[in-house]
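Shown next, in structure tokens, is the structure this report addresses.
Protein chains in written order, with my numbering: chain A, 3 to 493; chain B, 576 to 790.
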């Protein structure tokens, strides 16, 4: 993946993409504000959500063990995966053990994060995405660009074209004469997927929440595809990040109020399913929970950055972000785009790659993401913290071990400038001389910086150099106390 | 070392800054939020449920217990339903006024067989007024989760006011997490195409809720 600035540069010139994104983000932004305004205790719910999640993270080892015990007691089997490869191996093994070669999937960020579909395909297993937006992405051989609405970058005309062209390759073809009305497109998806649901023997899901106390898993959704995958197959495999725990059943009362309003701007999403292990003759006979780390414990080790693990994947921060709105989700080079992606991806994956080192800069630090976050993640704080790591390097935890990372490449000019500043600030004579020279030559300063500073000044106005250095002004006027009348160098 | 032990060890190392005697769960945070939003009489709470259900395009009907059988018969007839799936513990009186073929909920029914059923009639466990949500918990009058999923038409009977609560916190209190729960707020819907809401993708495209009062 190219670094964010390059990927974003291409995206902002795509008029269709920008139009689709602007329409979608502005629509949902307004709706969400209304849904939140309906509950007078939003601030209290937000604070409670933050505190519950923080408490859980501070005792994650205990809650993980409790969850394992309660899921097992309810008839489920718990598996632990340290990284993506291990998680994929476990799921592949579990699917093969059923003798099946296809699975139906509920939309899940965790399985996208680990690249499960590709791993299954390499083993000859077809994974069918059943969320409408994920279906659009899968049929279009595309990548998701939004956490909640993965096909947000596509308009109805593009979707009609994808359905008409691709559905027959995967199963039931699109109806003849398919138009681009959302109702007809949704109906085509219904017919196409129903044949898969009715024969599916294995379902794969994620989960929005796991309750440590009871071993209950929760999936919130709208279409009913989730319910299909969670209840019709004989085997259900849920792949969930270890941070998705809440301690008790009662804690759900907070998140079931904040998540729908923040994500789809509804009082409640159309369907919520909860299941606790297996139930005789209702739903899957076998239930497997695969708990994945994949960088989460490394994130947990960072006292500033760990708050990113509070995220409940509502995607409200994407919809308010001026950078996301213009650059689109693909530019972030991760399944987690937008402001949350800019802090989550470099923590889960480390800042070693060009894209991950660039993500903490994919923000204007305007703070809208923090204001809108239902669990009060201070995204700007973490962004600045990660920028520091990228520029200066330092001690971090990778795969459970403390390591020291070097400053990322590409920040040499910034570091050189900082070194020069340190030198000048510790030598008052040199600083004064330099400032005077700068003031007297201000007329001749270029509008952009030469050399390595060129890219920086290409998108920013250089600050004007004052006519007189502040230190000279202070000395001349006694800090502004002496009557004016001394030499005025500005004239 | 197993991955389980590896992950737990990583978690513990990551949390080296957290004091051993960190505040326990029951003292870790307050619950300063509301138990319900606004003050309503019982009748107003039922009205709010009806209003919010309708806002999410569920069709809401109200009747007395004595009128229930006739109401259900009418709804099935208007729909032209020939076969209705029936949970094993559903009060037989509810379907006493209709002649449609009954398909008892059974583990032996295949999903394809369920797909040929026109309608399903169930009771519910609790309904949440503020969000317009009905919750099914798999009791004998509600049946398996799939019977309210595969058929295209779901009639759900809510006894008012005793099955109605105001809020999500009050709803959770009444539910047993050990049971498989389905929370339903309006019919199946998607907003995946340009964020235009479309009712009916994979779940029932028509949800009718009958609010029945009296004995």
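Glycine residues also receive a C-beta, built at the ideal position from the N, C-alpha and C atoms.
Quick check: is the beta carbon of residue i nearer than 8 Å to any beta carbon in chain B?
i: residue 17/A; result: no
i: residue 230/A; result: yes
i: residue 60/A; result: yes
i: residue 491/A; result: Reliability fails at residue 491/A, whose pLDDT of 49 lies under 50, so the model's placement of it is uncertain and the value that follows must be treated cautiously. Not one chain B Cβ lies under 8 Å of residue 491/A.
i: residue 158/A; result: yes
i: residue 210/A; result: no
i: residue 357/A; result: no
i: residue 216/A; result: yes
i: residue 299/A; result: yes
i: residue 42/A; result: yes
i: residue 155/A; result: no
i: residue 79/A; result: no
i: residue 285/A; result: yes
i: residue 399/A; result: yes
i: residue 422/A; result: no
i: residue 74/A; result: no
i: residue 11/A; result: no
i: residue 112/A; result: no
i: residue 425/A; result: no
i: residue 479/A; result: no
i: residue 259/A; result: yes
When the cut-off is 8 Å and only beta carbons count, does residue i lie next to chain A?
i: residue 679/B; result: no
i: residue 606/B; result: yes
i: residue 743/B; result: yes
i: residue 714/B; result: no
i: residue 700/B; result: no
i: residue 694/B; result: no
i: residue 708/B; result: yes
i: residue 787/B; result: no
i: residue 757/B; result: yes
i: residue 773/B; result: yes
i: residue 799/B; result: Nothing in the structure corresponds to residue 799/B, since chain B is present only between 576 and 790.
i: residue 588/B; result: yes
Spell out whether any CB of chain D is found under 8 Å from the CB atom of residue i.
i: residue 475/A; result: You won't find chain D in this structure, because its protein chains are A and B.
Name the two residues that bound the continuous alpha helix (DSSP H) containing residue i.
i: residue 789/B; result: First-last for residue 789/B: undefined, no H or E at that position.
i: residue 355/A; result: No alpha helix (DSSP H) contains residue 355/A, which DSSP labels as neither H nor E.
i: residue 334/A; result: Counting along the chain, residue 334/A falls outside any alpha helix (DSSP H), and DSSP gives it neither H nor E.
i: residue 265/A; result: 254–265
i: residue 98/A; result: 86–100
Could you please give the first and the last residue of the uninterrupted beta strand (DSSP E) stretch that includes residue i?
i: residue 729/B; result: 728–735
i: residue 688/B; result: Taken as a continuous stretch (DSSP letters only), residue 688/B belongs to no beta strand (DSSP E), being part of the alpha helix (DSSP H) at 686–690.
i: residue 128/A; result: 128–131
i: residue 290/A; result: 288–294
i: residue 709/B; result: 708–711
i: residue 278/A; result: 273–278
i: residue 79/A; result: 79–83
Pick out the complete beta strand (DSSP E) segments inside the region 752–785 of chain B, 3 residues or longer, and give them in chain order. With a minimum length of 3 residues, the continuous beta strand (DSSP E) runs that stay inside the region 752–785 of chain B are 756–759.
Decide if the region 285–298 of chain A is in contact with the region 50–59 of chain A; the criterion is three or more beta carbon pairs, one per stretch, under 8 Å apart. no
Mind the definition here: the region 195–215 of chain A touches the region 13–30 of chain A only if three or more C-beta pairs lie below 8 Å; say whether that holds. no
Taking a Cβ distance cut-off of 7 Å, strictly less, list which residues of the region 261–281 of chain A are near chain B, in chain order. Of all residues in the region 261–281 of chain A, 266, 269, 270, 271, 272, 273, 274, 275, 276, 277, 278, 281 have a Cβ within less than 7 Å of some Cβ in chain B.
So, does the region 97–108 of chain A touch the region 147–159 of chain A, judging by three or more C-beta pairs under 8 Å? No: the two stretches stay apart, fewer than three of their Cβ pairs being nearer than 8 Å.
Using a Cβ cut-off of 9 Å, which residues of the region 224–251 of chain A contact any Cβ in chain B, in chain order? Correct list: 224, 225, 226, 227, 228, 229, 230, 232, 233, 234, 244, 249, 250, 251.
Determine which residues of the region 611–645 of chain B have a Cβ less than 9 Å from any Cβ of chain A, and write them out in chain order. 612, 613, 627, 630, 631
Any C-beta of chain B within less than 7 Å: which residues of the region 169–189 of chain A qualify? 184, 185, 187, 188
What residue ranges within the region 190–238 of chain A form continuous beta strand (DSSP E) runs of no fewer than 3 residues, ordered along the chain? 204–207, 211–213, 218–223
Would you check if the region 776–787 of chain B and the region 177–196 of chain A touch, i.e. whether three or more CB-CB distances between them fall below 8 Å? By the criterion of at least three beta-carbon pairs nearer than 8 Å, the region 177–196 of chain A is in contact with the region 776–787 of chain B.
Check whether the region 370–389 of chain A touches the region 278–291 of chain A, taking contact to mean three or more Cβ pairs, one atom from each stretch, closer than 8 Å. no
Check each residue of the region 287–313 of chain A: if its Cβ is closer than 7 Å to any Cβ of chain B, include it; give the result in chain order. 295, 299, 302, 303, 305
Below 8 Å, how does it come out for the region 384–404 of chain A and the region 303–310 of chain A: are there three or more Cβ pairs, yes or no? yes
Can you give me, in chain order, the residues of the region 656–669 of chain B that have a beta carbon less than 8 Å from any beta carbon in chain A? Taking 8 Å as the Cβ-Cβ cut-off against chain A, none of the residues of the region 656–669 of chain B qualify.
Scan the region 121–136 of chain A for residues whose Cβ lies nearer than 8 Å to a Cβ of chain B and list them as they occur along the chain. 132, 133, 134, 135
Counting only runs of 3+ residues fully inside the region 613–653 of chain B, write out the beta strand (DSSP E) ranges in chain order. DSSP runs (the beta strand (DSSP E)) wholly in the region 613–653 of chain B: 634–639.
Quick check for students: name the residue ranges of the beta strand (DSSP E) that lie wholly in the region 396–453 of chain A, counting only runs of 3 or more. Counting whole runs of 3 or more residues, the region 396–453 of chain A contains the beta strand (DSSP E) stretches 396–400, 403–407.
If contact is defined by three or more beta carbon pairs under 8 Å, each pair taking one atom from either stretch, is the region 650–668 of chain B in contact with the region 690–702 of chain B? yes
Near-chain B residues of the region 82–94 of chain A (beta-carbon distance less than 7 Å), N- to C-terminal order: Taking 7 Å as the Cβ-Cβ cut-off against chain B, the residues of the region 82–94 of chain A that qualify are 82, 83, 84, 88.
Tell me whether the region 75–92 of chain A and the region 577–596 of chain B touch, counting them as touching only if at least three CB pairs, one residue from each stretch, are closer than 8 Å. With the cut-off at 8 Å, the region 75–92 of chain A and the region 577–596 of chain B touch.
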